[in-house]
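The sequence shown lines up with residues 85 to 160 when you count with the working numbering. Ideal Cβ positions, reconstructed from N, Cα and C, are used throughout, including at glycine. Small disclaimer: the values here were computed from a predicted structure and weren't measured. Worksheet: one structure, shown below.
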Amino acid sequence: SLTFIFSILIIVESRECPENEVYRKCGSPCQEICGKQKETNCNACIEGCFCKLGYVMEEKVGACIKPEHCMRKFSC
């Protein structure tokens, strides 16, 4: 009985995601990323943590943030 409860805790804990992210059993590998054009042809299905609706990935900090907080890229 204790082994069963421990197993459940491990499974639940492994599905915890960072702030502003949600676990999906089947998500697209093509997340929206700050400053990058959205990829097309993303029909694959992968399991893991993904940005919540209304958030995009900021690669420099490795976190999901609101699009308006993306670092602006300036060119000289």
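- Note that the C-beta distance between Met-141 and Gln-115 is below 7 angstroms.
- Here Cys-126 is exposed: its Cβ has fewer than 16 other Cβ atoms, across all protein chains shown, within 10 Å.
- Around Arg-99, the same chain offers Tyr-107 as residues with beta carbons nearer than 6 angstroms, after the five sequence neighbours per side are excluded.
- If you check the CB distance, Cys-110 and Cys-135 do not come in under 7 angstroms.
- Beta-bridge pairing by DSSP links Cys-135 to Glu-105.
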